[in-house]
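K.L.:
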Amino acid sequence: MGIRSGTAGVLVPPVEYDPQTAEALEDFVDVGPGGEVISYTWVSRPRPLQPLQRPFAYALIKLDGADSSLLHIVDVGGDAVKMEIGMRVAPRWKAERKGEITDIEAFVAEGEARPAPPVLGGDLRPVKSIITPVRLEYDFSAGREQSIFLRALATGKILGARSPGGDLVYVPPRGADPRTAEPTPELVEVSDKGTVVTYSIIRVPSENIDFELPYVCINVLLDGSDIPFFHVLQNCELDAVRLGMRVRAKWLPPDERVESVESIQYFEPIDEPDVPFEDFKEYC
Amino acid sequence: MRDVAIVSFAQSNAECEVRNEVEILQPVSAEAVKASGLARDEIDFTCSGSSDWLQGQPFAFVMALDAVGSWPPIKESHVEQDGAWALYEAWVKIQTGEVDSALIYSFGKTSPGDIGQVQALQLDPYCVTPLWPDFDSVSAIQARVCLTAGVVTEKQMAQVAARSMPDACDNPNAVRKGEFSVEELLAKPYSASPLRDHDCPANSDGATAMVVVAGDRAKELCDRPVWIRGFDHRIDPPALGVRDLTRLPSAAVAAAKAGAVEDKIDFAEITAPYSHQEILLRREMGIGDDVRVNPSGGSLAAHTLMSCGLNRIGDAAMRIASGDGDRALAHAGQGPCLQQNLVIVLEGE
């Protein structure tokens, strides 16, 4: 189906407004189902999310009765030489259709197309949403300083970056002093003990967190550092959590530690007097 | 209008970076600030261009601030676009009189993800993204439209690559360079027909930084300020099938509004990720056959997404600053089949 515009003829897919005048459009017209290939390119190695997992063509197809062209794919059985400008094509429909562009599995040579399946008439309910599954994979590189930080966790140490001039230590190190943008090449070990400077009690589940609900997230100011460090608190009654309380990292056994903050299982309270609020209020 | 000059510029491009974005950007931004002659706290405004989709990390653009310094608190803004558009925002802000100088930066690290999939997310989310066409594919479709219409030939496309890659040999920031004959290039296989590998951008990871300053202060800071004489950006409709893909009306209008055609230009630095797009851009922006295009090698030599447009502007400015030309056109293009186009006209003092 296309839509008639004042300046550009029948547009497929339909757009809500005229591309030149912005006039609202509402005159829907049937187009196709056959059409002509205006341009194409050949995909010899399809990506995982692409519609066919054997070689195919992306093509601009001008459907009969339309003045613009539709981007879709053409399936010629993996044989690139069958593609040509001006070839006649028609849709191959999916058996089960949902009201999405991928209901057309592919366009095929017109002679091979079967008649269009019956249209489920009379359904004028608005399509409120469509679902397009997106899966993007990244090979994340932590960078120079964070790599050193992560490797140190595997050996049971927490490293920070000393600011040029030496007055502040940032955990984790990121490569630059955020105040001045100077590089921070000097890394120093900080304590695995610290002071809770703020916390939150978590009562909603999260897919990749195994802690039993409810549990406590803390920002802990590690001794020798100047930026609070985020982790989880365990072995503490919910109503006993408080600002200023002293805690220490509970590490995995040495042979189970990895290059990840997961080498620290959690933090737990230790028997040391609370730190007065005045001493850490800058970090809350 | 206030006169605004580019007073310093720095960039880095590499085929594949192991450093994180902060570590890539920090030395580049430090170099540009130092070369400007201004102290960091003398720069009034900071504006950046990047895309979190490349990192796969929400608010990655905020974390990048570690690399430019933000204490005491700075006046700062960000565009989800090539850094050339961040430069435009900074230039407009200087025109308002609110600020007199700006640091512009951008960065892009595409190697961790699949750039083809990430760029498909820029397309119409209802009717196009579900088919996951990558930019090589949609650009190849554009190239074939142009070939069929007789607007370009495969030989002309190969000529663009055969000229760009040797030019890139003088550019320490190029990641693809070399000497090739047109015949050699035409003998190579198609990667996305009718495009061959050398017709497609040399994707790279990197960062860019630039300092601009208004008025007489710019003259105090550098021997030869490079003045921004015209600046405009325009956009074409999003639906690929609605556009005449042999034309780039937004580039033509931007060039005209920026005043690029009013006087002769000595050279041009333009963002043409695909070889046929250089031919289209030349025609739309009125760049004559006698004008040298992309002495840097352009996007066929290094294409750091989100930075490549600002790199073209910086390359042109540095060339003028060194006395190699007086007036240049620089262009940034983004989006499928160069849907968005920005033109700046630069002139040496």
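Chain order of the listed sequences is H and L.
Just add 14 to the spot in the first sequence (first one is 1) and you have our numbering.
For the second sequence, position 46 matches number 27 in our numbering, and the numbering has no gaps at all.
C-beta: ideal position from N, C-alpha, C; glycine also.
Using 8 angstroms as the Cβ pair cut-off and three pairs as the minimum, do the segment 192 to 211 of chain L and the segment 280 to 292 of chain L touch?
P.N.:
No, they do not touch.
K.L.:
For H/LYS142, count the other beta carbons within 10 Å of its own beta carbon; 16 or more makes it buried, fewer makes it exposed. Which is it?
P.N.:
Classification for H/LYS142: exposed.
K.L.:
Is the segment 267 to 286 of chain L in contact with the segment 160 to 175 of chain L, if contact means three or more CB pairs nearer than 8 angstroms?
P.N.:
Counting Cβ pairs under 8 angstroms, fewer than three are found: no touch.
K.L.:
Anything in the segment 138 to 169 of chain H with a Cβ closer than 8 angstroms to a Cβ of chain L? List those residues in chain order, please.
P.N.:
Under the 8 angstroms Cβ criterion, the segment 138 to 169 of chain H contributes ILE144, THR146, VAL148, LEU150, GLU151, TYR152, ASP153, PHE154, SER155, ALA156, GLY157, ARG158, GLU159, GLN160.
K.L.:
Have a look at L/ALA199 and L/GLY295 and give me their C-alpha separation to the nearest angstrom.
P.N.:
Roughly 16 angstroms between the two C-alpha positions.
K.L.:
H/LEU66 CB to nearest chain L CB: under 8 angstroms?
P.N.:
It does not: the Cβ of H/LEU66 has no partner Cβ on chain L nearer than 8 angstroms.
K.L.:
When the Cα atoms are used, what is the spatial distance from L/VAL69 to L/GLN320?
P.N.:
Residue identity differs from the one stated: residue 69 of chain L is Tyr in this sequence, not Val. For L/TYR69 and L/GLN320, the distance between alpha carbons rounds to 17 angstroms.
K.L.:
What residues of chain H sit near L/LEU46, judged by a beta carbon separation below 8 angstroms?
P.N.:
What L/LEU46 touches in chain H: PRO192.
K.L.:
Comparing C-alpha positions only, which one of L/ALA239, L/LEU167, L/LEU112, L/GLU330 sits nearest to L/ALA313?
P.N.:
It is L/ALA239.
K.L.:
Would you grab the beta carbon distance between H/LEU167 and H/GLU273 for me? Rounded to a whole angstrom, and I think it's under 8 angstroms.
P.N.:
Their Cβ separation, rounded to whole angstroms, is 6 angstroms, which keeps H/LEU167 and H/GLU273 in contact under 8 angstroms.
K.L.:
Run through chain L and tell me which residues come within less than 7 angstroms of H/ARG188, C-beta to C-beta.
P.N.:
Those within 7 angstroms of H/ARG188 in chain L are VAL3, ASP47.
K.L.:
Measure how close the beta-carbons of L/VAL223 and H/ALA22 come, nearest whole angstrom, since I'm counting them as under 8 angstroms.
P.N.:
6 angstroms between Cβ atoms; contact.
K.L.:
Please confirm whether L/LEU166 and L/ALA183 have their CB atoms less than 8 angstroms apart.
P.N.:
It is not a contact, given that the beta carbons lie outside the stated cut-off.
K.L.:
Could you check how far apart the C-beta atoms of L/LEU281 and L/LEU261 are, in whole angstroms? I think they sit under 8 angstroms.
P.N.:
So it is not a contact: roughly 15 angstroms between Cβ atoms.
K.L.:
Under 8 angstroms: do the segment 56 to 65 of chain L and the segment 8 to 23 of chain L share three or more Cβ pairs, one atom per stretch?
P.N.:
No, the segment 56 to 65 of chain L does not touch the segment 8 to 23 of chain L.
K.L.:
Which residues in the same chain as L/VAL141 place their Cβ atom closer than 6 angstroms to its Cβ, once the five residues preceding and following it in sequence are excluded?
P.N.:
Contacts found: SER256, GLU259.
K.L.:
With 8 angstroms set as the bound, which would you pick, yes or no: does the beta-carbon of L/ILE122 sit closer than that to a beta-carbon of chain H?
P.N.:
With 8 angstroms as the cut-off, L/ILE122 counts as an interface residue toward chain H.
K.L.:
At what residue ranges does the segment 227 to 269 of chain L contain a whole run of the alpha helix (DSSP H), taking only runs of 4 or more?
P.N.:
Qualifying alpha helix (DSSP H) stretches, in chain order: 230 to 238, 256 to 266.
K.L.:
Can you list, in chain order, the residues of its chain whose CB lies under 8 angstroms from that of L/LEU102, leaving out five sequence neighbours each side?
P.N.:
Correct list, in chain order: TRP34, THR110.
K.L.:
Pull up the distance between the alpha-carbon of L/LYS90 and that of L/GLU160, whole angstroms please.
P.N.:
L/LYS90 and L/GLU160: Cα-Cα distance of roughly 27 angstroms.
K.L.:
Exposed or buried, which one is L/MET(-18) when buried takes at least 16 other CB atoms within 10 Å?
P.N.:
Exposed is the call here.
K.L.:
Residues of chain L with CB under 7 angstroms from H/ILE172, in chain order?
P.N.:
Simply none; closest approach about 19 angstroms.
K.L.:
Just verifying my parser: in three-state terms, what is the DSSP assignment at H/TYR297?
P.N.:
It is helical.
K.L.:
Please report how far the alpha carbon of H/LEU201 lies from the alpha carbon of L/ALA71, in whole angstroms.
P.N.:
If I take the Cα positions, the gap works out to 36 angstroms.
K.L.:
Does the beta carbon of L/THR348 come closer than 8 angstroms to any beta carbon on chain H?
P.N.:
The structure shown does not extend to residue 348 of chain L, since chain L spans only -18 to 330, so no value can be given for it.
K.L.:
Who pairs with H/GLU50 in a beta bridge, going by DSSP?
P.N.:
For H/GLU50, which the question treats as bridged, DSSP gives the partners H/LYS76, H/ARG102.
K.L.:
Please confirm whether H/SER82 has its beta-carbon closer than 8 angstroms to some beta-carbon of chain L.
P.N.:
Yes - at least one Cβ of chain L is within 8 angstroms of the one on H/SER82.
K.L.:
Is the shortest distance between the beta-carbon of L/ARG125 and the beta-carbons of chain H less than 8 angstroms?
P.N.:
Yes, contact with chain H.
K.L.:
At the 8 angstroms Cβ level, is H/ALA195 part of the contact set with chain L, yes or no?
P.N.:
It does; some Cβ of chain L falls within 8 angstroms.
K.L.:
Can you list, in chain order, the residues of its chain whose CB lies under 6 angstroms from that of H/VAL211, leaving out five sequence neighbours each side?
P.N.:
So the list reads ASN233, LEU235, PRO242, PHE294, TYR297, CYS298, once near-sequence residues are dropped.
K.L.:
In angstroms with no decimal places, state the Cα-to-Cα distance between L/VAL163 and H/LYS108.
P.N.:
Cα to Cα, the separation comes out at about 45 angstroms.
K.L.:
With 8 angstroms as the C-beta to C-beta threshold (strictly closer), list the residues of the segment 183 to 208 of chain L near chain H in chain order.
P.N.:
Flagged: no residues at all.
K.L.:
Please report the distance separating the alpha-carbon of L/ASP47 from that of H/PHE244.
P.N.:
Whole-angstrom Cα-Cα distance: 19 angstroms.
K.L.:
Chain H partners of L/ALA173, CB-CB under 8 angstroms?
P.N.:
Simply THR55, TRP56, VAL57.
K.L.:
Can you check whether the C-beta of L/THR91 is within less than 8 angstroms of a C-beta belonging to chain H?
P.N.:
Answer no: the Cβ-Cβ gap between L/THR91 and chain H never drops below 8 angstroms.
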